[in-house]
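Engineer:
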Amino acid sequence: MQSSPRVKYNLLSFDGGGMRGYGSMLILERLMRYVRDIEGDAKCLADLLKDVPDANCDPAESSFHPHDCPAGIEGSAMNEEVNKFLPCHYFDCIIGTSTGGLIAMMLGRLPLGKVYDSQWSPIKTNENEEMNEVNYRFQTYDTPEETNSGDPNLGTAFTGPLWWVARACTAAPTYFIPKEIEALNGNIWRFKDAGLVLQNPTQEGVDEVLRWGPPSETYAQCFNTIVSIGTGLQRPPKNFGPGRAPRGVWLDTLAVIKAGFKFDNPEAVHKNMSRTLGVNGIYWRFNGDSHEWGNIKLDQYDEGTMTKMRTLANTYLAREDVKHDLQECAKSLVKHRRQRLKQQDAWERFALAVEYRCAAPGCFNHYNLKEDMENHMRRCHRGNQEKAKRLIWRYDRS
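So the sequence shown is numbered by the numbering used here: it starts at 210 and just counts up by one.
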């Protein structure tokens with residue numbers, strides 16, 4: 210994992226909730242609109258960054274600023290200007306459960322609009338067999354310190370294809386058979402989504418990011434912003450669509466009890482986080498509070514339902530208290546990104562996944578930072594007129 214140029218970390222967490230995850234995306238889209246507005250307002254930036262020495266206060270056309278927006282970012286069916294401001298440039302860690310995990314994976318790679326454009330379609334039912342289950346967290350990096358046996362990840366990076374992770378974290382009990390993945394030692398692990406016992410993964414994300422810093426680091430020392438986005442007030446996890454075989458639900462319930470887990474209450478997690486961190490300082494929770502969200506089934510896919518979710522989300526987002534909180538949260542995210550720009554080489558690597566390759570004949574050295582490449586040229590190829598090759602991440606236009 211390429212660590213970001215940072216003062217502190219930002220975390221984004223998505224609850225699970227099936228089709229209600231569309232509501233989560235609408236909330237994030239509104240947050241990124243406020244981010245875009247602040248990033249493009251020189252007066253607002255000057256006021257926001259007045260206590261940051263030598264801060265870059267120039268208006269930005271994209272979150273790649275001061276670099277140009279790479280090809281492949283523009284042209285989404287959604288709001289094109291918002292699409293140029295990528296959540297992955299504002300958050301160091303994006304975590305999610307079930308559908309929230311799928312959203313987290315896409316946001317780590319795609320512009321926001323292309324996540325919206327992804328096609329949703331009905332899925333098949335499934336009969337499942339009973340199994341012993343534990344929680345598991347997929348990560349793309351090695352954890353440097355030893356982890357205890359109860360940790361949801363054993364500390365090593367997952368190196369399999371991304372679609373395996375998507376398949377594992379969205380294997381809801383009555384929809385898909387568990388995803389089988391072979392471990393490094395040859396053992397076969399079988400994965401279901403964690404919607405029953407870990408619907409709100411914010412605490413797990415916080416605990417994980419704390420491991421990235423010194424052992425004695427406090428929440429305030431580690432985090433700049435923690436954003437948790439829900440899928441609306443929900444009913445207990447029996448709310449599957451008509452015709453879904455109940456056997457899988459009962460077997461999952463039994464497995465949860467046998468494993469010693471408790472059914473997750475997303476709002477209980479939120480209350481615990483609020484007590485620990487306070488609200489609207491470091492920690493922010495956005496979740497539609499209309500009870501009508503609870504009437505939307507996990508698999509309810511039709512145009513009427515999508516319209517209803519847009520209406521519920523827009524009603525929530527129109528509230529003055531919600532608008533204020535989103536704007537304040539956006540200010541925190543923008544200020545943090547602008548502070549990162551002071552480390553120019555590190556920001557270039559973080560934003561563009563840039564790599565420099567030596568162009569001198571017979572030399573195959575490559576570096577992540579421009580400064581390291583320049584030092585190599587001075588040290589090993591003094592007088593050589595060849596320029597280093599600068600490679601950046603390619604964004605697919607499709």
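Glycine is no exception: its CB is placed at the ideal position from the N, C-alpha and C atoms.
1. Can you give the Cα-Cα distance for Ala251 and His274, rounded to whole angstroms?
2. Express the C-alpha separation of Gln536 and Trp493 in angstroms, rounding to a whole number.
3. Apply the 10 Å Cβ neighbour rule to Ser271 and answer buried if 16 or more other Cβ atoms are within range, or exposed otherwise.
4. Alpha carbon to alpha carbon, how far is Glu557 from His575? Give it in angstroms, no decimals.
5. Thinking C-alpha only, which one of Cys589, Gln553, Tyr525 and Arg546 is nearest Leu235?
6. Below 8 Å on the Cβ atoms is my contact criterion, and I expect Thr514 with Gly232 to pass it. Report the Cβ-Cβ distance as a whole number of Å.
7. Is there a Cβ from chain B that is less than 8 Å from the Cβ of Cys266?
8. Based on DSSP bridge pairs, tell me the residues matched to Tyr243.
9. Run through DSSP, which three-state label would His274 get?
10. If you check the beta carbons only, do Ser541 and Leu521 fall under 8 Å apart?
11. Tell me the DSSP secondary structure of Glu426 in three-state form.
12. Between the Cα of Val543 and those of Cys297, Arg528 and Ala477, spot the shortest distance and give me the residue it belongs to.
13. Can you tell which of Ala568, Arg591, Ala539 and Phe495 has its C-alpha closest to the C-alpha of Asn433?
14. Among Ile601, Tyr243 and Lys517, whose alpha-carbon lies nearest the alpha-carbon of Met228?
15. Using the C-alpha atoms, what's the distance from Glu595 back to Asp581?
16. For Trp602, which of Ser222, Phe559 and Ala568 has the nearest alpha-carbon?
17. Can you tell me whether Leu600 is buried or exposed? The criterion is at least 16 other CB atoms within 10 Å of its CB, across all chains shown.
18. Report yes if the CB atom of Gln302 is closer than 8 Å to the CB atom of Val418, and no otherwise.
19. Take the Cβ of Thr411 as the centre, count every other Cβ of all protein chains shown within 10 Å, and call the residue buried at 16 or more, exposed below.
20. In three-state terms, what does DSSP make of Ile204?
21. Looking only at its own chain, which residues have a Cβ that is under 7 Å from the Cβ of Tyr243, when we skip the five neighbours before and after it?
22. Which residue or residues does DSSP assign as beta-bridge partners of Gly414?
23. According to DSSP, is Ser499 part of a helix, a strand, or is it coil?
24. Tell me the DSSP bridge mates of Ile303?
25. Once DSSP output is grouped into helix, strand and coil, what is the label at Lys259?
26. What is the rounded straight-line gap between the Cα of Cys278 and the Cα of Glu501?
27. With C-beta atoms as the reference, is Ser475 less than 8 Å away from Gln408?
28. Can you name, in chain order, every residue of its own chain whose Cβ lies under 8 Å from the Cβ of Ile491, other than the five neighbours on each side?
29. Determine the closest residue to Asp256 out of Arg591, Gly571, Asn593 and Arg547, with distance taken between C-alpha atoms.
30. Using only alpha-carbon positions, find the residue among Gly414, Arg420 and Gly422 that is nearest to Ser437.
31. I need the DSSP call for Leu316, collapsed to helix, strand or coil.
32. Is it true that the CB of Leu561 sits closer than 8 Å to the CB of His276?
33. Do Leu442 and Gly503 have their beta-carbon atoms positioned less than 8 Å apart in this structure?
34. Quick check on DSSP: helix, strand or coil for Val436?
35. According to DSSP, Glu512 sits in a beta bridge with which residue or residues?
Structural biologist: On the basis of the coordinates in this document:
1. In the sequence shown, counting from the first residue as 1, residue 251 sits at position 42. In the sequence shown, counting from the first residue as 1, residue 274 sits at position 65. Put simply, the backbone Cα of Ala251 is about 14 Å away from that of His274.
2. Within the sequence shown, the letter at position 284 stands for residue 493. Within the sequence shown, the letter at position 327 stands for residue 536. Cα-Cα distance, rounded: 11 Å.
3. Translated into the one-based positions of the sequence shown, residue 271 becomes position 62. By the neighbour-count rule (16 or more Cβ atoms within 10 Å), Ser271 is buried.
4. Position 366 of the sequence shown, counting from 1, holds the residue named residue 575. Position 348 of the sequence shown, counting from 1, holds the residue named residue 557. Taking the straight line from one Cα to the other gives about 15 Å.
5. In the sequence shown, residue 235 corresponds to position 26, counting from 1. For the residues Cys589, Gln553, Tyr525 and Arg546, the minimum Cα distance to Leu235 belongs to Tyr525.
6. Taking the first residue of the sequence shown as 1, we reach residue 514 at position 305. Taking the first residue of the sequence shown as 1, we reach residue 232 at position 23. Incorrect: roughly 11 Å between the Cβ atoms, too far for contact.
7. Here chain B cannot be found, since the structure has a single protein chain.
8. Here the question's residue 243 lines up with position 34 in the sequence shown. Under DSSP, Tyr243 takes part in no beta bridge, so it has no partner.
9. Position 65 of the sequence shown, counting from 1, holds the residue named residue 274. Reduced to three states, the DSSP call for His274 is coil.
10. Position 332 of the sequence shown, counting from 1, holds the residue named residue 541. Position 312 of the sequence shown, counting from 1, holds the residue named residue 521. No, these two residues do not count as a Cβ contact at 8 Å.
11. In the sequence shown, residue 426 corresponds to position 217, counting from 1. In this structure, Glu426 counts as coil in the three-state DSSP scheme.
12. The count along the sequence shown starts at 1 and reaches residue 543 at position 334. Looking at the Cα atoms, Cys297 is the closest of the given residues.
13. Residue mapping note: residue 433 aligns to position 224 of the sequence shown, counting from 1. Selected option, being the one with the closest Cα: Ala539.
14. As a position in the sequence shown, residue 228 is number 19, starting the count at 1. When each option's Cα is compared against that of Met228, the closest is Lys517.
15. Along the sequence shown, read from residue 1 onward, the residue named residue 581 stands at position 372. Along the sequence shown, read from residue 1 onward, the residue named residue 595 stands at position 386. In a straight line, the C-alpha of Asp581 is about 16 Å away from that of Glu595.
16. Residue mapping note: residue 602 aligns to position 393 of the sequence shown, counting from 1. The shortest Cα separation from Trp602 among Ser222, Phe559 and Ala568 belongs to Phe559.
17. By 1-based counting over the sequence shown, the position of residue 600 is 391. When all chains shown are included, Leu600 counts as exposed.
18. By 1-based counting over the sequence shown, the position of residue 302 is 93. By 1-based counting over the sequence shown, the position of residue 418 is 209. Just to set this straight, residue 302 is Cys in the shown sequence, not Gln. Result yes, Cβ atoms of Cys302 and Val418 sit closer than 8 Å.
19. As a working mapping, residue 411 is identified with position 202 in the sequence shown. The residue in question, Thr411, is buried, as its Cβ has 16 or more Cβ neighbours within 10 Å.
20. Past the boundaries of the shown model lies residue 204; the chain is included only from 210 to 607, so the question cannot be answered.
21. Translated into the one-based positions of the sequence shown, residue 243 becomes position 34. Only Leu535, Gln536 and Ala539 meet the Cβ criterion.
22. Residue mapping note: residue 414 aligns to position 205 of the sequence shown, counting from 1. DSSP output for Gly414 lists no bridge partner at all.
23. The residue labelled residue 499 in the question sits at position 290 within the sequence shown. Note: Ser499 maps to coil in three-state DSSP.
24. On the sequence shown, position 94 is the one that residue 303 refers to. The beta-bridge partner set that DSSP reports for Ile303 consists of Leu221.
25. The residue you call residue 259 lines up with position 50 of the sequence shown. In the three-state reduction of the DSSP assignment, Lys259 falls in the coil class.
26. Counting from one through the sequence shown, the residue named residue 278 turns up at place 69. Counting from one through the sequence shown, the residue named residue 501 turns up at place 292. Their Cα atoms are separated by approximately 40 Å.
27. Residue numbering aside, residue 475 sits at position 266 when the sequence shown is read from its first letter. Residue numbering aside, residue 408 sits at position 199 when the sequence shown is read from its first letter. It should be pointed out that residue 475 corresponds to Pro in this sequence rather than to Ser. Against a cut-off of 8 Å, the Cβ pair of Gln408 and Pro475 comes out as a contact.
28. To locate residue 491, count along the sequence shown from 1; it is residue 282. Around Ile491: Tyr428, Ala429, Phe432, Asn433, Thr434 and Ile435.
29. Translated into the one-based positions of the sequence shown, residue 256 becomes position 47. Comparing Cα positions, the closest option is Arg547.
30. Walking along the sequence shown from the start, residue 437 turns up at place 228. Closest option to Ser437, Cα to Cα, is Gly414.
31. Residue 316 sits at position 107 when you count from the first residue of the sequence shown. Helix at Leu316.
32. Locating residue 276 in the sequence shown gives position 67, counting from the first residue. Locating residue 561 in the sequence shown gives position 352, counting from the first residue. Taking 8 Å as the Cβ cut-off, His276 and Leu561 qualify as a contacting pair.
33. For the purposes of this step, residue 503 is taken as the residue at position 294 of the sequence shown. For the purposes of this step, residue 442 is taken as the residue at position 233 of the sequence shown. Taking C-beta atoms as the reference points, Gly503 and Leu442 count as a pair closer than 8 Å.
34. The residue you call residue 436 lines up with position 227 of the sequence shown. If DSSP states are grouped into helix, strand and coil, Val436 belongs with the strands.
35. As a working mapping, residue 512 is identified with position 303 in the sequence shown. Paired residues: none, contrary to the question.
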